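Participant:
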Amino acid sequence: MQIQRFPTLGEWTEKKTNTFQQEKLIIRNPEELKSKIQKMISEGVKQLQIVTDFDQTISSFLSPATFSLFRMSQLSPQDFKNKMQSYYDYYVPIEKDQSIKIEEKNKHMHEWYQKVSEAFHEAKFTKSLSCQILNTSHIYLRYLFEPFFNKCVEEHVPFHIVSGGLDRVINTILSSIHEIDTYDEMTLHTNQMLFQNDILEKMEMLVTATTKAKILETSGIQFRNNTILLGDLPSDFYMTKFLNIPNQVSIGFLTQDHAYQLEEYNKLYDITIIGDPSFLVPLVLLSKVIGYPLTEECTQLFNSQNYDELRGLF
Numbered sequence: 089m090q091i092q093r094f095p096t097l098g099e100w101t102e103k104k105t106n107t108f109q110q111e112k113l114i115i116r117n118p119e120e121l122k123s124k125i126q127k128m129i130s131e132g133v134k135q136l137q138i139v140t141d142f143d144q145t146i147s148s149f150l151s152p153a154t155f156s157l158f159r160m161s162q163l164s165p166q167d168f169k170n171k172m173q174s175y176y177d178y179y180v181p182i183e184k185d186q187s188i189k190i191e192e193k194n195k196h197m198h199e200w201y202q203k204v205s206e207a208f209h210e211a212k213f214t215k216s217l218s219c220q221i222l223n224t225s226h227i228y229l230r231y232l233f234e235p236f237f238n239k240c241v242e243e244h245v246p247f248h249i250v251s252g253g254l255d256r257v258i259n260t261i262l263s264s265i266h267e268i269d270t271y272d273e274m275t276l277h278t279n280q281m282l283f284q285n286d287i288l289e290k291m292e293m294l295v296t297a298t299t300k301a302k303i304l305e306t307s308g309i310q311f312r313n314n315t316i317l318l319g320d321l322p323s324d325f326y327m328t329k330f331l332n333i334p335n336q337v338s339i340g341f342l343t344q345d346h347a348y349q350l351e352e353y354n355k356l357y358d359i360t361i362i363g364d365p366s367f368l369v370p371l372v373l374l375s376k377v378i379g380y381p382l383t384e385e386c387t388q389l390f391n392s393q394n395y396d397e398l399r400g401l402f
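The sequence shown maps to residues 89 to 402 in this note's numbering.
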């Protein structure tokens, strides 16, 4: 029997996708972005790769993170849920606090993940129950992610997911779009659910918000010259900081236009998209690089005035 590269929990039978909602774009430096886009287009698809987070980047802001599925599900043991909620309430503010030094934050993240791993081990989830929890959840993929992902598969664009989420949940979701075991150019760096005889025996906690850059640096992957980077936190911007990639267009998803958050995002990301963003902007950029026409629907969406400034840079 062939070993799965990306083992799943089963099937995501209750797949959900956002509908398109109006979104607002902020471009940090239009002239610099124009130069990056032109270089990316001129070098073409053979020099392109995607580096992306998963939770609330590929999934919507309406969605819980993959860990939170278990914390929030009515199917999970109550004692487990209580522990996970208390950990979440304590450690998430630390994770998001940009004033905490990286060494101190790493210590807290390691402590958090050790507690989470112990809680999962004690709860003894089965694969079937885990899949049932996914199928009764409210995870939504971002609108137009599916055609974006399919086009990357079709064009053999390396697709590197670096996520603090759960591998089996992410694999199950992505497998509802394409048979990812056949997508040779995809890599997944995330936390692993290790099952023994259908029982979750161990959580291999490998990825936090602060370790993503080091994981890619030591991955042994031969990276290409041009990257589309996607994230929903300031820390996601730094995923590629040790890779010496010559050209990168970074896109940050921001849930609300809070001045202090927008200022931070705008210092980092080439494009910040505010609202519950779709994958329209990444899809347009991808289509320009590979020379593939947009659908009529996407063309109409992109021709709205919200994208006037970005359209002028192509």
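Positions of the beta carbon are idealized from the N, C-alpha and C atoms, including for glycine. These figures come from a predicted structure and were not determined experimentally.
From 122, 283, 185, 272, pick the residue whose C-alpha is nearest to that of residue 211; which is it?
Facilitator: As a first step, residue 211 must be located in the sequence shown, where it is residue number 123. Answer by Cα proximity: 283.
Participant: Any idea if residue 399 is buried or exposed, counting beta-carbon neighbours within 10 angstroms, 16 or more meaning buried?
Facilitator: Residue 399 sits at position 311 when you count from the first residue of the sequence shown. Exposed, since its Cβ has fewer than 16 Cβ neighbours within 10 Å.
Participant: Quick check on DSSP: helix, strand or coil for residue 293?
Facilitator: As a first step, residue 293 must be located in the sequence shown, where it is residue number 205. Three-state DSSP puts residue 293 in coil, outside helix and strand.
Participant: Starting from the Cα of residue 112, find the closest Cα among 402, 236, 396 and give me that residue.
Facilitator: Along the sequence shown, read from residue 1 onward, the residue named residue 112 stands at position 24. Among 402, 236, 396, the Cα nearest to that of residue 112 belongs to 396.
Participant: Using the Cα positions of residue 388 and residue 158, report the straight-line distance between them to the nearest angstrom.
Facilitator: Along the sequence shown, one-based indexing puts residue 388 at 300. Along the sequence shown, one-based indexing puts residue 158 at 70. About 39 Å.
Participant: Let's see if you can read the secondary structure: which residues bound the alpha helix (DSSP H) around residue 313?
Facilitator: Stepping through the sequence shown from its first residue, residue 313 is reached at position 225. Per DSSP, residue 313 belongs to no alpha helix (DSSP H) and is neither H nor E.
Participant: Let's see if you can read the secondary structure: which residues bound the alpha helix (DSSP H) around residue 160?
Facilitator: Working through the sequence shown from its first residue, we reach residue 160 at position 72. Unbroken alpha helix (DSSP H) run through residue 160: 154-160.
Participant: So residue 183 and residue 297 are in contact, right, with Cβ under 8 Å, and what is the actual spacing, rounded?
Facilitator: In the sequence shown, counting from the first residue as 1, residue 183 sits at position 95. In the sequence shown, counting from the first residue as 1, residue 297 sits at position 209. Yes, residue 183 and residue 297 are in contact; Cβ-Cβ is about 6 Å, under 8 Å.
Participant: Cα-Cα, which of 251, 148, 216 is closest to residue 341?
Facilitator: Here residue 341 refers to the residue found at position 253 of the sequence shown. Closest by alpha carbon: 148.
Participant: In angstroms with no decimal places, state the Cα-to-Cα distance between residue 207 and residue 170.
Facilitator: On the sequence shown, position 119 is the one that residue 207 refers to. On the sequence shown, position 82 is the one that residue 170 refers to. Approximately 10 Å, taken between the alpha carbons.
Participant: Here's the rule: buried if 16 or more other CB atoms are within 10 angstroms of the residue's CB, otherwise exposed. What is residue 286?
Facilitator: To locate residue 286, count along the sequence shown from 1; it is residue 198. Label assigned to residue 286: exposed.
Participant: Reducing DSSP to helix, strand and coil, say where residue 204 ends up.
Facilitator: Translated into positions along the sequence shown, residue 204 becomes position 116. Note: residue 204 maps to helix in three-state DSSP.
Participant: Could you pull out every unbroken alpha helix (DSSP H) segment of at least 4 residues lying fully inside the segment 241-293, listed in chain order?
Facilitator: Taking only runs of at least 4 residues, the alpha helix (DSSP H) segments lying wholly in the segment 241-293 are 255-263.
Participant: When every heavy atom of the ligand FMN is checked, does at least one fall within less than 7 Å of the C-beta of residue 291?
Facilitator: Ligands in the displayed structure: none, and consequently the ligand FMN is not present.
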